[in-house]
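Trainee: Sequential numbering of the sequence shown, starting at 1340, is according to our numbering.
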Amino acid sequence: MNQPTVTAVEKSTIRKISWRLVPFVALMFFINFLDRTAISFAGPNGMTQDLGLTALQFGLASGIFFIGYILLEVPSNLALHKFGARRWLARIMISWGIVSLLFTWVSSVEGLYTLRLLLGIAEAGFFPGAILYLSMWVPGRHRSKILSLFYLAQPLTVVFGAPLAASLIEQHGLFGMAGWRVMFMGVSIPAILIGFAALFWLVDSPRQAKWLTSEEKTWLTAELEAEHQQKQGHQKHSLRSVMGNGRVWMLCLIYFGFIYGLYALAFFLPTIIAGFQQQFGTTFNVMQKGLITGVPYLIAAVVMFFWSKDAARRGCKTWHIAIPALAGGISVPLALYMDSPFTTIMVIAITASAIFAALPNFWTLPTQFLTGASAAAAIALINTLGNVAGFSAGYITGALHDATNSYALPMFVVGGFMLLSAFLMLLLNRRRSPSQPISLAQEH
């Protein structure tokens, strides 16, 4: 299919958005993912011992975050649509930074549960709000590229965040606190500072962007308005119609499988690496464990960049999402049968690469057939129900480990959910009309 001619004004507009908005929103996402997964670095580096946590309690504390997150996700995203992204995203970020800072002084299992629940409430709406915000600035044909640049922040959070967390943990005794408490303090303060900065840096709409020329504003506004009218011309979408849309619910289930794998790795990979001493007789210090934790995510970031670039060039196809789901589902149990730390980490890197290759392409689908408040509600619904996996991954992985004293069964469960995502993605494509394009978003 012939690609539309890209004009000079289109190139300059997308370039400015890519440099002006995407890095800042990606930085917000970097801090967001670091704060919500900081518990994974604290756990094997003193917190589990100091608070007397079992694997089940650690998994519950990791996952309980998502209960508060889920309850307020849709209302938060609708509030963003109503009040504007600039104020709402800044409010979310400042709130979670304050709650995250309180982890510095947590002293009991019950206190840990409470703060994780409050952190989820504070963060609710950030991720789907950021996706919606970028979608409101970028025409559909450029969305896959922009979202992939934004999504790079998530694997890079671990690449740079794990060594950062390790360096903070090594400051044991600073202010008379254990290293893991210093780490919580160090990763929380940036959220508050960047939250205030967002009030001055973000802009709610292209019309308000002083860094775009009049010609660029006119082109971008016309493109987005035409896209909006085209979507509304096909079908009127209300919140009720979103809740009754079969494609939306199918996307929820597909997303569930990816997020289950994402958080099973995010919460337990540092603990698995800490267990290499018992499994392989290999000992690593805190910084070495932090660097090793980042290796699969560094590889994943590179794979995601080129995979998403290919999706942007070809148009997002079914296989851009289904193949990574299949690769991840097969690879994650294989890590259990490797004979060295190196081969184990390399197989885990395949799983991480699969998850991150699929996710930015997945998020191009909802905004192709929904718009306005319906898009806000659908993105929030998909993210909300998908993030049930965030709670499930932590709780089930911890419970199965305590029951079997092994991560074997939990990792087979991860693989099973990712294979389910691959199957559902193929099923969703098969349900389209033969006369329709391959784009899943156009299926009736």
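Virtual Cβ for every residue (Gly too), placed ideally from N, Cα, C.
What are the boundary residues of the alpha helix (DSSP H) that residue 1690 is part of?
Mentor: Element bounds for residue 1690: 1680-1701.
Trainee: Along the chain, where does the alpha helix (DSSP H) that runs through residue 1401 open and close?
Mentor: 1394-1422 is the span of the alpha helix (DSSP H), which, as asked, contains residue 1401.
Trainee: Quick one, are the C-beta atoms of residue 1477 and residue 1458 less than 9 Å apart?
Mentor: The answer is no: Cβ separation not under 9 Å.
Trainee: With three or more C-beta pairs closer than 8 Å as the rule, is the segment 1496-1507 touching the segment 1632-1651?
Mentor: Taking 8 Å as the limit for Cβ pairs, the verdict is that the segment 1496-1507 does touch the segment 1632-1651.
Trainee: Can you find the residues in the same chain that come closer than 7 Å, C-beta to C-beta, to residue 1359, ignoring five residues on each side of it along the sequence?
Mentor: Hits under 7 Å: 1550.
Trainee: Quick one: what does DSSP say residue 1609 is sitting in, helix, strand or coil?
Mentor: Helix, per DSSP.
Trainee: Between 1395, 1596, 1546, 1556, which lies nearest to residue 1727 when the distance is taken from Cα to Cα?
Mentor: Ranking 1395, 1596, 1546, 1556 by Cα distance to residue 1727 puts 1596 first.
Trainee: Using the three-state DSSP reduction, which class does residue 1763 fall into: helix, strand or coil?
Mentor: It is helical.
Trainee: Does DSSP classify residue 1549 as helix, strand or coil?
Mentor: It is coil, neither helix nor strand.
Trainee: What whole-angstrom Cβ distance do residue 1703 and residue 1486 have, given they're in contact under 8 Å?
Mentor: Sure, about 6 Å apart at Cβ, within 8 Å.
Trainee: Within 8 Å: the Cβ of residue 1499 and any heavy atom of the ligand ATP?
Mentor: Here there are no bound small molecules, and the ligand ATP is not part of this structure.
Trainee: I'd like the list of long-range same chain contacts for residue 1348, defined as Cβ closer than 7 Å, with 5 residues on each side in sequence excluded.
Mentor: Taken in chain order, the residues that qualify are 1554, 1555, 1558.
Trainee: Check this for me: beta carbons of residue 1296 and residue 1612, under 9 Å apart or not?
Mentor: What is shown of the chain runs 1340 to 1783, which leaves residue 1296 out entirely.
Trainee: Does the beta-carbon of residue 1468 have 16 or more other beta-carbons within 10 angstroms, so that it is buried, or is it exposed?
Mentor: Classification for residue 1468: buried.
Trainee: Determine the burial state of residue 1676: buried for a count of at least 16 other Cβ atoms within 10 Å of its Cβ, exposed for fewer.
Mentor: Label assigned to residue 1676: exposed.
Trainee: So, helix, strand or coil for residue 1357, using DSSP?
Mentor: Helix at residue 1357.
Trainee: Within 10 angstroms of its Cβ, does residue 1743 collect 16 or more other Cβ (buried), or is it exposed?
Mentor: Residue 1743 should be labelled exposed.
Trainee: Measure how close the beta-carbons of residue 1402 and residue 1629 come, nearest whole angstrom, since I'm counting them as under 8 Å.
Mentor: Wrong, their Cβ atoms sit about 23 Å apart, outside the cutoff.
Trainee: From this set, 1683, 1756, 1416, 1732, which residue's C-alpha is nearest residue 1395's C-alpha?
Mentor: Taking only the C-alpha atoms, the option nearest residue 1395 is 1732.
Trainee: Do residue 1429 and residue 1608 have their C-beta atoms within less than 9 Å of each other?
Mentor: Not closer than 9 Å, so no.
Trainee: Using only CA atoms, which one of 1748, 1723, 1741 lies nearest to residue 1415?
Mentor: Among 1748, 1723, 1741, the Cα nearest to that of residue 1415 is on 1723.
Trainee: Please state whether DSSP places residue 1340 in a helix, a strand or coil.
Mentor: Residue placement at residue 1340 cannot be trusted, given a pLDDT of 44 that sits under 50; the coordinates are not used to answer.
Trainee: What residue from 1520, 1661, 1353 has the CA that sits closest to residue 1389's CA?
Mentor: When only C-alpha atoms are compared, the closest one is 1520.
Trainee: So, for residue 1424: in the same chain, excluding its five sequence neighbours on each side, which residues have a beta-carbon less than 7 Å away from its beta-carbon?
Mentor: Correct list, in chain order: 1468, 1472, 1541, 1543.
Trainee: Helix, strand or coil for residue 1588 per DSSP?
Mentor: Here residue 1588 sits in helix by DSSP.
Trainee: What first and last residue would you give for the alpha helix (DSSP H) that runs through residue 1473?
Mentor: Per DSSP, residue 1473 belongs to the alpha helix (DSSP H) from 1465-1474.
Trainee: Should residue 1691 and residue 1604 be called a contact, given that it needs their Cβ atoms to be closer than 9 Å?
Mentor: Yes, they are a contact pair.
Trainee: Hey, would you say residue 1400 sits closer than 9 Å to residue 1431, going by beta carbons?
Mentor: No; because the gap between Cβ atoms is not below 9 Å, this pair is not in contact.
Trainee: So what's residue 1377 in DSSP terms, helix, strand or just coil?
Mentor: Looking at residue 1377 - three-state DSSP - the assignment turns out to be helix.
Trainee: Taking only three categories from DSSP, how would you classify residue 1665?
Mentor: Reduced to three states, the DSSP call for residue 1665 is helix.
Trainee: Helix or strand or just coil, what does DSSP make of residue 1576?
Mentor: Residue placement at residue 1576 cannot be trusted, given a pLDDT of 48 that sits under 50; the coordinates are not used to answer.
Trainee: Does DSSP classify residue 1741 as helix, strand or coil?
Mentor: Residue state, collapsed to three classes: helix.
Trainee: Give the secondary structure of residue 1477 by DSSP, where H, G and I count as helix, E and B as strand, and everything else as coil.
Mentor: Of the three classes helix, strand and coil, the one that applies to residue 1477 here is coil, per DSSP.
Trainee: If residue 1490 sits next to residue 1643, beta carbons under 8 Å apart, how far is it from one beta carbon to the other, in whole angstroms?
Mentor: Yes, residue 1490 and residue 1643 are in contact; Cβ-Cβ is about 7 Å, under 8 Å.
Trainee: If you draw a straight line from the alpha carbon of residue 1574 to that of residue 1510, how long is it in whole angstroms?
Mentor: Confidence in residue 1574 is poor, its pLDDT being 48 and thus under 50, which makes the residue's placement too unreliable to answer from.
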